[in-house]
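To start, the structure under review is shown below, and the notes come after it.
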Amino acid sequence: MVKILDASALVAYLWKQSGYEKVQDFLTKATDGQKRLLMTTVNLGEVYYLLLRDHGPEDADKILKVIETLPIDFTEVDMKLAKQAALYKAAKKLPYADCFAAALAKLQKGEVITGDKEFKAVENDVKIAWIT
């Protein structure tokens with residue numbers, strides 16, 4: 000089953016926060032070809048924003064280059080993904096960026112990897128792999 004990284008999961012990995020070991024395991028499996036990892040560019044943008052806020056533009060760009068080497072396939076937003084994300088935003092009151100991870104999981108029949116408890120709002124609609 001394809002795995003979809005939420006921003007909180009990638010942040011946990013980068014900062015070695017609670018649950019980072021589980022994310023590291025998913026990354027290892029993706030490197031070995033055992034699992035496929037996806038992340039929307041919207042969620043990557045959320046991570047980049049946090050990097051900018053916490054580390055400044057120079058370090059944020061360096062860390063982004065490291066992220067781009069990870070075994071993650073970044074998914075651009077198309078109309079189908081945007082529409083599904085909007086449906087989640089309207090019905091589930093999930094933060095907007097999180098709606099894209101949930102939407103990608105639904106469309107790909109995948110599982111969201113997250114530590115963000117706000118995903119409980121979509122737990123009955125998409126599979127969630129909790130890292131914490």
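For the sequence shown, numbering that gives the first Met the number 0 begins at 0 and goes up steadily by one.
For glycine and all other residues, C-beta sits at the position ideal for the given N, C-alpha and C.
Residue range 36-39 is occupied by the beta strand (DSSP E) that includes M38.
For V111, the three-state secondary structure derived from DSSP is strand.
Taken through DSSP and simplified to helix, strand or coil, D31 comes out as coil. CA-to-CA, the gap between Y47 and A59 works out to about 7 Å.
By the CB criterion at 7 Å, S17 and D115 fall outside the cutoff. Spanning the alpha carbons of E45 and D24 requires a straight line of approximately 22 Å. DSSP places K15 outside both helix and strand once states are collapsed to three, so it counts as coil. Shown here for I71: same chain residues with a beta carbon closer than 6 Å to its own, the five before and five after excluded, namely L36, M38 in chain order. Exposed is the label assigned to G32, since fewer than 16 other Cβ atoms lie within 10 Å of its Cβ.
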